[in-house]
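K.L.:
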Amino acid sequence: FENKVLSTLSHKLAPSLPLQEDFVYHWKAITHYYIETSDDKAPVTDTNIPSHLEQMLDILVQEEHERESGETGPCMEYLLHHKILETLYTLGKADCPPGMKQQVLAFYTKLLGRIRQPLLPHINVYKPVQKLIRLCGEVLTAPTENEEIQFLCIVCAKLKQDPYLVNFFLENKLKVLASKGSASVITEDMLKGQDSLMTDTGQSIQHEEISNAAGAEHIEKEDDLSTSLDELNVTSSPEASAIRLNQDYNLVNSLLNLTKSPDGRVAVKACEGLMLLVSLPEPAAAKCLTQSTCLCELLTDRLTTLYNALPLSVDPLDIESVEAVNWGLDSYSHKEDASAFPGKRALISFLSWFDYCDQLIKEAQKTTAVAMARSVRERFFVGVMEPQLMQTSEIGILTSTALLHRIVRQVTSDVLLQEMVGFILGGHREPEILTDINRHPLRHRLIEHCDHISDEISIMTLRMFEHLLQKPNEHILYNLVLRNLEERNYTEYKPPCQEDKDVVENGQIAGAVDLEEDPLFADLSPDNTLSNQEWLSVSPPISPEHPKNDGKTEVHKIVNSFLCLVPEEAKSSYHVEGTGYDTYLRDAHRQFRDYCAICLRWEWPGSPKSLEKCNLEASFFEGHFLKILFDRMGRILDQPYDVNLQVTSVLSKLSLFPHP
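Be aware that the sequence shown starts at 12, since it is given in my numbering, and climbs by one per residue.
(1) In chain order, what residues of the same chain lie with their CB nearer than 6 Å to the CB of Leu535, ignoring the 5 residues before and after it?
(2) Going by DSSP, what residues sit across from Glu579 in a beta bridge?
(3) Under a Cβ-count criterion, where at least 16 other Cβ atoms within 10 Å of its own Cβ denotes burial, should Asn261 be classed as buried or exposed?
(4) For Val77, list the residues DSSP reports as bridge partners.
(5) Just to confirm, is the Cβ distance from Val395 to Tyr318 under 7 Å?
(6) So, for Gln31: in the same chain, excluding its five sequence neighbours on each side, which residues have a beta-carbon less than 7 Å away from its beta-carbon?
(7) Would Val422 and Leu428 qualify as a contact pair, given that the criterion is a beta-carbon distance under 7 Å?
(8) If you follow the alpha helix (DSSP H) that Trp38 is part of, which residue opens it and which one closes it?
(9) For Arg494, which of Asn655, Glu633, His478 and Asp447 has the nearest alpha-carbon?
(10) Quick check: the segment 613–621 against the segment 430–437, are at least 3 beta-carbon pairs closer than 8 Å?
(11) With DSSP run on the structure shown, which of helix, strand or coil describes Asp447?
(12) Counting Cβ pairs, one atom from each stretch, are 3 or more of them under 8 Å apart for the segment 465–478 and the segment 644–663?
(13) Would you mind reading off the limits of the alpha helix (DSSP H) that contains Lys138?
(14) Please state whether DSSP places Asp598 in a helix, a strand or coil.
(15) Name the two residues that bound the continuous alpha helix (DSSP H) containing Glu88.
(16) Just the Cα atoms here: how many angstroms apart are Gln217 and Asn337?
(17) DSSP state of Glu700, grouped into three classes?
(18) Going by beta carbon distance, what residues of the same chain come within less than 7 Å of Glu430, once the five residues before and after it are set aside?
(19) Would Phe668 pass as a contact of Tyr606 if the rule is Cβ separation under 7 Å?
(20) Enumerate in chain order the residues of its own chain whose CB-to-CB distance from Ser360 is below 6 Å, with the five nearest sequence positions on each side excluded.
(21) Name the DSSP bridge partner or partners of Asp369?
(22) Taking 7 Å as the cut-off, decide whether the C-beta atoms of Glu158 and Ala105 are in contact.
(23) Below 8 Å on the Cβ atoms is my contact criterion, and I expect Val55 with Pro109 to pass it. Report the Cβ-Cβ distance as a whole number of Å.
(24) May I have the straight-line CA-CA distance separating Ala153 from Asp598, to the nearest angstrom?
(25) Determine the direct distance from the alpha carbon of Leu611 to that of Val136, and round the result to whole angstroms.
(26) Restricting to Cα atoms, I'd like to know which of Lys121, Cys368, Arg356 and Cys461 is closest to Met644.
(27) With DSSP as the reference, label Asp329 as helix, strand or coil.
(28) Who are the near neighbours of Ala291 in its chain, counting only those whose CB is closer than 8 Å to its CB and skipping five residues on each side?
(29) Go through its chain and collect everything with a Cβ distance to Thr379's Cβ below 7 Å, but skip five positions before and after it.
(30) Of the choices Ile144, His600 and Leu453, whose alpha-carbon is the least far from that of Glu97?
(31) Label Lys624 either buried or exposed according to how many other C-beta atoms from any shown protein chain fall within 10 Å of its C-beta, with 16 as the threshold for buried.
(32) From what residue to what residue does the alpha helix (DSSP H) around Cys305 run?
(33) Hey, quick one: how far does the alpha helix (DSSP H) through Gly433 stretch, first residue to last?
(34) CB-CB under 7 Å to Phe492, same chain, minus the five flanking residues each way: which ones, in chain order?
(35) Sort Leu648, Ile609 and Arg646 by Cα distance to His670 and report the nearest one.
(36) Would you list the residues sitting across from Asp259 in a DSSP beta bridge?
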């Protein structure tokens, strides 16, 4: 402490020196410590090193402020030319004196964050930065974890500003299976160029001395040596037994390790760093990220782990009632929750990580997004969820369907939604055949569950399909409904003739059934029916402003006529504000507009396919989905009210689609 105070005072009281001399003075003070000290066990906080590093940083910032933008000053030139960052990396790796790694990480972070000019393109910056990245995330809950994640995040932020710089961090990875001797040769070759640190006064500090002060044990064998073939001629070493060239993305690997940190703040920061990296537009980085890192595996493995941690049975209402979960705000406290239920902590953790996967895929570069979404489908949806949905236990079916419904509601990424739709419905687009409706077993099973003996399972599955239909994906409606209706073989068609085009004098179309001849309408005598003129008078008169009835008035008339038949005591909508017919109509209009906006991108035809071009000879099958819904509607008088409500809700959603 006394040394630190004396150093600070001497710096304050000494006459001001040119910045470069001041900078060199502080660097020499650090290097002389390693030459002169005999106690390498004292913590770095008991030395002057942190103060000297801070002064060096302040000088570099001051120098940049005093010079024109983009111009490199002599202090920065000195730092680059004398490979100061390389030496600091060596000292940080050795952690000598104890705590030096934290100081080095903090220096790198502040240097990259406070200096405005681009530093990463310099070989004497990005090389040591690469090496320091490899030291991050090696040990979880390490004392340097906070400094590690701050350093990694500032590197990610710099890459986000200048995406082309990411190519400096796609390294050629040499896996050398060699003896200890050959590894030592390689390590010495890598350290060439760092043998001496020349000062302006002609003094040199041998790297050997620094290494000795740090301890010879820190020159160790490295299995993965990341450098270029031009820099490292390992083939000249006869002891090297095998070499395999491969790209490595250590920045991603270090962040992936830190996402597993027990410290939630560190884990969230690591997730944010990954979010920045996956969004970089560089194709080489995207390819390396998906092929040479374990990012996809980490996403899906954690999803699997969190899903398997859920209780075997969770009340569907509890799954539905959990508030919207955002991945960065997973701070649930069981003690503070009045609506806690068994498994809520595990459920929030699962939904939080699924939300992170969804957002990561949504932000990612296209190639990366497709690879991650495909991995989620193959390793999680198919590998984990499908067996749960296909089981025979009613409790298991109900819980797994409720979870599927929840993530269907939650997904926002178009790419992940596409994979989810393929998982649930399959990719078939040709018309269904009754004898072959189980081509996609999961689709078949889920549709069958809409008519399950358990009303709870039926309602939950119908609800899942209802929300699936609201998703902006053309394949959903086409697979479930449209592919079976496009040929219009549900119509009974005969070529039109002249007689069909003529209208009889009484206004009826040829072949139409006369109501007077129908026994069901035998009581309609001329005395108790309205004349044609009276029927016309009931309708609103045609005016120039409204030359043609738009249907709205007719709808109101029909609804009001129905309401007149309902006893007053049975009317409930008038007693509760916002539940009347007008409110319902406004909601229906809003929903229809929303659906029309979604469907615009699908380029549906403006009119149905003409009957002459349709294959009317094929037997009509409405499809498995509509068949189940119509079967349910046919039993509407025999089913519970909740089931009927859900069936009609699904049908009402189908009716909103403006397909011709």
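For every residue, glycine included, the Cβ atom is placed at its ideal position computed from N, Cα and C.
Remember, predicted model here, so these are calculated numbers, not experimental data.
P.N.:
Here's the rundown:
(1) With a pLDDT of 44 at Leu535, under the threshold of 50, the predicted position of this residue should be treated as unreliable, and no value is reported.
(2) In DSSP, Glu579 forms no bridge with anything.
(3) buried
(4) Note that residue 77 is Glu in the sequence shown, not Val. Paired residues: none, contrary to the question.
(5) yes
(6) Pro85, Cys86 and Tyr89
(7) yes
(8) Leu30 to Glu47
(9) Glu633
(10) no
(11) helix
(12) yes
(13) Ile134 to Leu146
(14) helix
(15) Pro85 to His92
(16) Since pLDDT at Gln217 reaches only 38, below the 50 mark, its modelled position is unreliable, and no value is offered.
(17) As displayed, the chain neither begins before 12 nor continues past 671, which places residue 700 out of reach and without an answer.
(18) Ala384, Arg385, Val387 and Arg388
(19) yes
(20) Leu317
(21) Looking at the DSSP assignment, Asp369 forms no beta bridge with any residue, so it has no partner.
(22) no
(23) 7 Å
(24) 56 Å
(25) 51 Å
(26) Cys461
(27) helix
(28) Just to set this straight, residue 291 is Leu in the shown sequence, not Ala. Hits under 8 Å: Leu170, Lys171, Pro174, Val177, Ala297 and Gln376.
(29) Val289, Ala297, Leu300 and Thr301
(30) Ile144
(31) exposed
(32) Cys305 -> no alpha helix (DSSP H), and no H or E assigned at all.
(33) Asp425 to Leu436
(34) The identity of residue 492 in the sequence shown is Val, whereas the question assumes Phe. Here the set comprises Gly634, Phe636, Leu637 and Leu665.
(35) Ile609
(36) Glu182
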